[in-house]
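Going letter by letter, the sequence shown gives residues 8 to 580 in the working numbering. Input: a single structure, listed below in structure tokens.
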Amino acid sequence: MRRIIKAPAMARDDDTDGRTADGGAAFPFAGDRRFAPVWRKFLGALGARPERLQEHVAAQAQLFAAIAGAGAGAEQGNGAANGADKGGRKDRRFAHEDWEANPFYRYLKESYELNASLMREVAADIELDDGERHALEFMLKQLTSAMSPSNHPLTNPEVARATVATQGENLRRGMDNYLADVRAGAITLSDPEAFEVGRDLAVTPGKVIAQNHLMQLIEYAPTQAKTRARPLLIVPPCINKYYILDLSERDSFIRHLLDEGFRVFLVSWVNAGPAQRALGWDDYVAAGVIEAIETACAASGQEKINVLGYCIGGTLLACALAVMRANGAERAASMSMLTAFVDFCDTGDIGLFVDKEKEFAAGGLFSGLELQRTFGYLRPDDLVWPYVVRSYMLGEKPQPFNILHWNGDSTNLPGRMYAWYLRHTYLDNDLKDGVRVCGTDIKIAGIDLPGMYVACERDHIVPWAAAYASARTASKQAEFVLAASGHVAGVVNPPAKGKGYYHVAPGALGARADGWRAKARRHEGSWWPHFAAWLKKRSGRLVAAPKPADGWRHRAIEDAPGSYVTAPRPPTD
Numbered sequence: 008m009r010r011i012i013k014a015p016a017m018a019r020d021d022d023t024d025g026r027t028a029d030g031g032a033a034f035p036f037a038g039d040r041r042f043a044p045v046w047r048k049f050l051g052a053l054g055a056r057p058e059r060l061q062e063h064v065a066a067q068a069q070l071f072a073a074i075a076g077a078g079a080g081a082e083q084g085n086g087a088a089n090g091a092d093k094g095g096r097k098d099r100r101f102a103h104e105d106w107e108a109n110p111f112y113r114y115l116k117e118s119y120e121l122n123a124s125l126m127r128e129v130a131a132d133i134e135l136d137d138g139e140r141h142a143l144e145f146m147l148k149q150l151t152s153a154m155s156p157s158n159h160p161l162t163n164p165e166v167a168r169a170t171v172a173t174q175g176e177n178l179r180r181g182m183d184n185y186l187a188d189v190r191a192g193a194i195t196l197s198d199p200e201a202f203e204v205g206r207d208l209a210v211t212p213g214k215v216i217a218q219n220h221l222m223q224l225i226e227y228a229p230t231q232a233k234t235r236a237r238p239l240l241i242v243p244p245c246i247n248k249y250y251i252l253d254l255s256e257r258d259s260f261i262r263h264l265l266d267e268g269f270r271v272f273l274v275s276w277v278n279a280g281p282a283q284r285a286l287g288w289d290d291y292v293a294a295g296v297i298e299a300i301e302t303a304c305a306a307s308g309q310e311k312i313n314v315l316g317y318c319i320g321g322t323l324l325a326c327a328l329a330v331m332r333a334n335g336a337e338r339a340a341s342m343s344m345l346t347a348f349v350d351f352c353d354t355g356d357i358g359l360f361v362d363k364e365k366e367f368a369a370g371g372l373f374s375g376l377e378l379q380r381t382f383g384y385l386r387p388d389d390l391v392w393p394y395v396v397r398s399y400m401l402g403e404k405p406q407p408f409n410i411l412h413w414n415g416d417s418t419n420l421p422g423r424m425y426a427w428y429l430r431h432t433y434l435d436n437d438l439k440d441g442v443r444v445c446g447t448d449i450k451i452a453g454i455d456l457p458g459m460y461v462a463c464e465r466d467h468i469v470p471w472a473a474a475y476a477s478a479r480t481a482s483k484q485a486e487f488v489l490a491a492s493g494h495v496a497g498v499v500n501p502p503a504k505g506k507g508y509y510h511v512a513p514g515a516l517g518a519r520a521d522g523w524r525a526k527a528r529r530h531e532g533s534w535w536p537h538f539a540a541w542l543k544k545r546s547g548r549l550v551a552a553p554k555p556a557d558g559w560r561h562r563a564i565e566d567a568p569g570s571y572v573t574a575p576r577p578p579t580d
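Structural data, given as structure tokens:
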């Protein structure tokens with residue numbers, strides 16, 4: 008099968024020269040430049056309302072008097088009194104009984120909520136454009152999360168009790184945990200010794216049937232006597248390891264597809280090191296996705312295959328198919344996506360970290376640890392502060408959790424590749440209208456293949472309405488599915504758990520996401536069986552199941568999960 012595109016070994020994407028305006032290497036996430044102006048406006052608005060500050064001081068005094076007066080303030084609380092956050096949900100930060108039973112801690116909790124409410128109220132009254140308001144709300148979320156009394160050893164009753172009970176041993180253990188995390192460069196979220204890739208994670212049998220400097224291509228061993236003739240190729244994100252789709256046997260999306268009778272191929276990306284430091288987006292499209300598509304077609308003997316992209320893997324996949332189509336190569340029968348952008352119309356909180364003047368230009372490597380920290384601070388009350396308290400103050404070791412182990416197993420990216428991605432997606436959003444990839448002018452809107460596009464309603468990385476817009480951009484034949492939960496938990500939701508739900512609606516996708524939501528019907532359980540039923544209609548007849556690499560001109564290189572996913576993260580300096 009002929010090669011469609013060959014990327015140069017050291018590609019240089021458009022006009023990025025690898026340096027910032029002052030000649031220094033750039034950093035991709037902007038802090039002060041984006042947030043400082045709106046912070047000044049907030050402080051100015053706070054100072055311009057002395058009467059509101061006086062009311063706030065009076066409310067604090069009233070709260071203190073009520074709680075000091077034999078607990079009479081139970082009815083005068085502001086929502087935090089019942090351990091609930093502003094959304095009415097149980098606030099896990101204040102689950103310990105002393106936050107209610109002890110007047111001192113109760114005052115700290117309710118005083119904190121009064122302060123947070125004041126900041127939100129002042130912010131709501133400031134005249135700001137949409138971008139400024141988004142930045143201010145994000146900044147206040149970080150600030151109010153950090154200032155919670157639950158996050159400090161002198162104001163957390165559970166820490167105080169543990170310190171007395173252990174005579175300070177919890178703090179000594181906590182310091183050991185802290186120093187270990189400083190050396191590692193990230194907060195440890197899961198017991199690092201509990202899981203091993205290939206032993207506990209990514210255990211579905213298969214073979215690596217091809218590899219190059221960017222990826223290994225895995226073909227999985229069928230679990231059924233017969234499989235569908237047309238295989239599925241999965242392109243996972245290159246900013247994480249692929250095994251989020253192959254955790255334990257019961258949590259494996261890949262295993263589920265095999266059990267449903269599909270033949271499955273998957274791209275396993277390299278963890279970028281010195282050999283990849285000068286590669287660009289074109290390389291990932293050509294040597295990564297296009298080569299994987301061509302190899303899967305040749306290995307299966309199929310002229311066209313089904314393809315599925317997850318997160319940035321979906322963006323890469325869309326670019327690859329657009330390049331192939333422009334060069335006269337139709338290799339995909341369908342293109343589906345999981346929580347993926349091709350229209351970056353609403354990038355959520357993560358868009359706040361991208362600044363046009365601070366792109367990470369090429370010439371170096373972007374550390375996976377930086378991405379890991381950034382994603383953590385998108386959800387500080389879930390992924391930062393609980394672990395600070397439990398690990399550094401209570402001196403506990405993190406509990407084993409396979410998803411959090413994967414979350415901490417980060418990957419590096421070439422700076423040039425990442426700079427191209429930021430510029431043409433988060434900054435300029437020009438993939439949908441036209442951009443040059445692999446020497447070819449492409450438009451994502453020209454792909455127009457059947458596809459199922461899965462989004463998650465609480466996704467903090469790819470907001471579901473933006474995923475809906477992306478589905479409409481990519482194909483007039485798209486079916487949209489809105490699953491429960493967030494970016495990872497909504498995708499990794501096996502049917503056996505009996506949890507979650509998803510929404511679907513018949514007919515073409517309308518212009519507005521909220522209009523689709525209004526007519527969508529809710530179904531209980533996992534979306535996986537719905538996708539499998541959809542895919543079977545596009546995967547051909549049942550044939551005798553092949554063995555991995557049977558009839559294929561290359562011999563298997565090694566067993567799955569392969570060496571790329573198990574290799575340690577290379578240093579970036």
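No residue lacks a Cβ here, since even glycine has one placed at the ideal position from N, Cα and C.
Just to confirm my understanding: we take D350, look at its own chain, exclude 5 residues before and 5 after, and list those with CB closer than 6 Å. What are they?
Within its own chain, the residues whose Cβ lies closer than 6 Å to the Cβ of D350, once the five positions on either side in sequence are excluded, are K439, A476, S477, T480, listed in chain order.
Along the chain, where does the alpha helix (DSSP H) that runs through G422 open and close?
Per DSSP, G422 belongs to the alpha helix (DSSP H) from 422-428.
Whole-angstrom distance between A515 and K544, CA atom to CA atom
Between K544 and A515, the alpha-carbon positions lie close to 18 Å from each other.
Nearest-angstrom beta carbon gap, A574 and A278 [assumed within contact, 8 Å]:
Looking at the sequence shown, residue 278 is not Ala but Asn. Rounded, the Cβ-Cβ distance is 6 Å, consistent with contact.
Return the residue from the list L372, V498, V215, G532 that minimises the CA-CA distance to L286.
Check the Cα spacing between L286 and each of L372, V498, V215, G532: the tightest is with L372.
Please confirm if the stretch 127-146 is in contact with the stretch 194-202, defined as three or more CB-CB distances below 8 Å between the two stretches.
With the cut-off at 8 Å, the stretch 127-146 and the stretch 194-202 do not touch.
Report the option in E120, L420, Y112 whose CA atom is closest to the CA atom of V166.
Of E120, L420, Y112, the smallest CA-CA separation from V166 is found for Y112.
Taking only the alpha-carbon atoms, compute the straight-line gap between I451 and D136 and give it to the nearest angstrom.
Taking the Cα positions, I451 is about 30 Å away from D136.
Whole-angstrom Cβ separation of G493 and D466, contact assumed at under 8 Å?
G493 to D466, Cβ: 5 Å. Contact.
So, under 8 Å CB-CB, P57 and D105 are touching, yes? Tell me the CB distance rounded to an integer number of Å.
D105 and P57 do not touch by the CB rule: their CB atoms are close to 35 Å apart, not below 8 Å.
Considering only their Cβ atoms, is the gap separating V292 from V242 smaller than 8 Å?
Taking C-beta atoms as the reference points, V242 and V292 fail to come closer than 8 Å.
Alpha-carbon to alpha-carbon, S417 and I246
In this model, I246 and S417 are separated by some 7 Å (Cα to Cα).
Just how far apart, CA to CA, sit V424 and R59?
The residue asked about is misnamed: residue 424 is Met in this sequence, not Val. In a straight line, the C-alpha of M424 is about 49 Å away from that of R59.
Contact defined as beta carbons within less than 8 Å: I believe L324 pairs with V296. What is the distance between those atoms, to the nearest angstrom?
Indeed, because the Cβ distance is near 6 Å, the residues count as touching under 8 Å.
Go through the stretch 316-397 residue by residue and report every complete run of the alpha helix (DSSP H) that reaches 4 residues or more, in order.
Fully enclosed alpha helix (DSSP H) runs of 4 or longer: 319-333, 375-385, 387-390.
Taking the beta carbon of L161 as the centre, do at least 16 other beta carbons fall within 10 Å, making it buried, or is it exposed?
Under this definition L161 is an exposed residue.
Take the Cβ of L70 as the centre, count every other Cβ of all protein chains shown within 10 Å, and call the residue buried at 16 or more, exposed below.
Only buried fits L70, as 16 or more other CB atoms lie within 10 angstroms of its CB.
Can you give me the Cβ contacts of V550 inside the same chain, cut-off strictly under 7 Å, excluding the 5 residues immediately before and after it?
In its chain, beyond the 5 residues on either side, K233, T234, A236 have a beta carbon closer than 7 Å to the beta carbon of V550.
Along the chain, which unbroken stretches of the beta strand (DSSP E) at least 3 residues long are found entirely within the stretch 393-480?
Within the stretch 393-480, the runs of beta strand (DSSP E) at least 3 residues long that lie entirely inside it are, in chain order, 442-444, 447-449, 458-463.
Report buried or exposed for G172, applying the criterion of at least 16 other Cβ atoms within 10 angstroms of its Cβ.
The sequence shown places Ala at residue 172, rather than the Gly named in the question. A172 comes out exposed.
Rounded straight-line distance, which links the Cα of L345 to that of G446:
Those two C-alpha atoms are separated by around 27 Å.
Cα-Cα separation, R270 to E139
Distance between the alpha carbons of R270 and E139: 48 Å.
Output the distance between the C-alpha atoms of F49 and G181, rounded to the nearest integer angstrom.
Rounded to whole angstroms, F49 to G181 spans 36 Å at the Cα level.
In whole angstroms, what separates the C-alpha of V395 from that of E256?
For V395 and E256, the gap between their C-alpha atoms comes out near 31 Å.
Same chain, Cβ closer than 7 Å to G569, neighbours up to 5 away in sequence not counted
Correct list, in chain order: V215, Q223, I225, S275.
Counting contacts by CB-CB distance shorter than 8 Å, is Y460 in contact with chain B?
Absent from the structure: chain B. Only one protein chain is present.
In this structure, does DSSP put A87 in helix, strand or coil?
Summary for A87: the model assigns pLDDT 43, below 50, so the residue's position carries little reliability; its value from the coordinates is reported in the next sentence. Here DSSP, grouped into helix, strand and coil, assigns A87 to helix.
Which of the three DSSP states is assigned to L143 in this structure?
In the three-state reduction of the DSSP assignment, L143 falls in the helix class, which pools H, G and I.
At which residues does the beta strand (DSSP E) containing E58 begin and terminate?
Secondary structure note for E58: it is in no beta strand (DSSP E), and the uninterrupted alpha helix (DSSP H) holding it is 57-75.
Short of 7 Å in beta carbon distance, which residues of its chain neighbour L378, apart from the five on each side in sequence? Order them along the chain.
For L378, same chain residues with a beta-carbon under 7 Å away, outside a window of 5 residues either side, are I246, S417 in chain order.
According to DSSP, simplified to helix, strand and coil, what is Q149?
Of the three classes helix, strand and coil, the one that applies to Q149 here is helix, per DSSP.
Neighbourhood of S343 by C-beta distance below 6 Å, restricted to the same chain and skipping five residues each side
Contacts found: L315, G458, M459.
Euclidean distance between Cα positions of E117 and T579
Here the alpha carbon of E117 sits roughly 45 Å from the alpha carbon of T579.
Mapping DSSP to helix, strand and coil, what is W534?
W534 falls in the coil class under three-state DSSP.
Contacts around E364, its chain only, beta-carbon distance under 6 Å, and the 5 residues preceding and following it disregarded:
For E364, the predicted model reports a pLDDT of 40, less than 50, meaning its position is unreliable; a value from the coordinates is still stated below. Non-local C-beta neighbours of E364 in its own chain, meaning closer than 6 Å and more than five positions away in sequence, are absent.
Cβ neighbours of Y433 in the same chain (closer than 7 Å, five flanking residues each side left out):
Contacts found: F351, T354, G358, V361.
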